[in-house]
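Colleague: Structure provided below as structure tokens; questions to follow.
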Amino acid sequence: MPPDDSRRRHREPAEAMLVRRAETGDEPAIARLWTLCDMAVPYNTPAWDTALCRGATHSRLFVGEIEARVVASAMAGHDDHRGWIYYVAVNPAWQGAGLGRVIVAHAERWLKDSGVWKVSLMIRPSNRQAMGFYEHLGYRETPRVVMAKTLAGDDDGD
Ligand SMILES: CC(C)(COP(=O)(O)OP(=O)(O)OC[C@H]1O[C@@H](n2cnc3c(N)ncnc32)[C@H](O)[C@@H]1OP(=O)(O)O)[C@@H](O)C(=O)NCCC(=O)NCCS
Numbered sequence: 001m002p003p004d005d006s007r008r009r010h011r012e013p014a015e016a017m018l019v020r021r022a023e024t025g026d027e028p029a030i031a032r033l034w035t036l037c038d039m040a041v042p043y044n045t046p047a048w049d050t051a052l053c054r055g056a057t058h059s060r061l062f063v064g065e066i067e068a069r070v071v072a073s074a075m076a077g078h079d080d081h082r083g084w085i086y087y088v089a090v091n092p093a094w095q096g097a098g099l100g101r102v103i104v105a106h107a108e109r110w111l112k113d114s115g116v117w118k119v120s121l122m123i124r125p126s127n128r129q130a131m132g133f134y135e136h137l138g139y140r141e142t143p144r145v146v147m148a149k150t151l152a153g154d155d156d157g158d
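With my numbering, the residue at position 74 of the sequence shown is 74, and numbering never jumps.
Printed below as a string of structure tokens:
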């Protein structure tokens, strides 16, 4: 689906956005962002996920800020040659201004600089908007079935 014209408005925010590694003090803003973007789930809280990522060497959580406010996020992780991207989120008030493209490019660059040659990501089947976005950025659907098993605690997540 070609992007509609409304998504081409206001390019300046993408240039104004500073992308940096998330820090401890960013947690409330990240939690707000993920809640706004419907990505916060009770079995995997933002506080838990961001703390795990900060302590790891093979993953990074990036935030994008404009005028000192967190407006975007992306998490990247890898096993030295294959990488994954998670938690790509742009505050709804700032969507359609190029911020998603910028923060994904930042996560891809970090993965590439870490030796990763291929990056994958998962999208809920109902999230057609995100599919269109990633397709536009060069991602292609690959025929795989994702299986999961919870190794700790109750299996109440998806
Ligand atoms: C998906 C999401 C990150 C996109 O961020 P965004 O800042 O609105 O996207 P951008 O403005 O950077 O768009 C980048 C490009 O993709 C295009 N695009 C965006 N959505 C598109 C769609 N559904 N179909 C086709 N193209 C699309 C834009 O037109 C733009 O094109 P251009 O740079 O060539 O002009 C954002 O909508 C979001 O946070 N959604 C909620 C959270 C979510 O679903 N995250 C993904 C989880 S898997």
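Glycine included, each C-beta is placed from N, C-alpha and C at the ideal position.
1. For V88 versus A105, is the C-beta distance shorter than 7 Å?
2. Shorter than 6 Å, the distance from the beta carbon of F62 to the closest heavy atom of ligand 1, or not?
3. Using a threshold of 6 Å, is the CB atom of L99 nearer than that to any non-hydrogen atom of ligand 1?
4. In three-state terms, what does DSSP make of E15?
5. For N127 versus L33, is the C-beta distance shorter than 7 Å?
6. Quick test of your reading: A76 and R54, contact by CB under 8 Å. State the CB separation rounded to the nearest angstrom.
7. What span of residues does the beta strand (DSSP E) with M106 cover, start to end?
8. Only counting the same chain, and skipping five residues up and downstream in sequence, which positions put a Cβ closer than 8 Å to that of A14?
9. Output needed for A160: all residues of its chain with C-beta closer than 7 Å, excluding positions within five of it in sequence on either side, in chain order.
10. Just grab the DSSP bridge partners of R60 for me.
11. Please list the terminal residues of the continuous alpha helix (DSSP H) segment that includes G132.
12. Expressed to the nearest angstrom, what Euclidean distance is found between the alpha-carbon atoms of L137 and G64?
13. Rank Y139, Q95, I30 and V70 by C-alpha distance to the C-alpha of K118 and give the top, closest one.
14. At a cut-off of 6 Å, is V88 close to ligand 1 when judged by its beta-carbon and the heavy atoms of the ligand?
Modeller: In short, the structure shows the following:
1. no
2. No - ligand 1 has no heavy atom lying nearer than 6 Å to the Cβ of F62.
3. yes
4. helix
5. N127 is not a Cβ neighbour of L33, given a cutoff of 7 Å.
6. A76 to R54, Cβ: 13 Å. No contact.
7. The residue you asked about is not Met; residue 106 is His in the sequence shown. No beta strand (DSSP E) contains H106, which is instead part of the alpha helix (DSSP H) from L99 to D113.
8. A97, G98, L99, R101 and V102
9. Only positions 1 to 158 of the chain appear in the structure, and residue 160 is not among them; the question remains open.
10. A76
11. R128 to H136
12. 18 Å
13. Y139
14. yes
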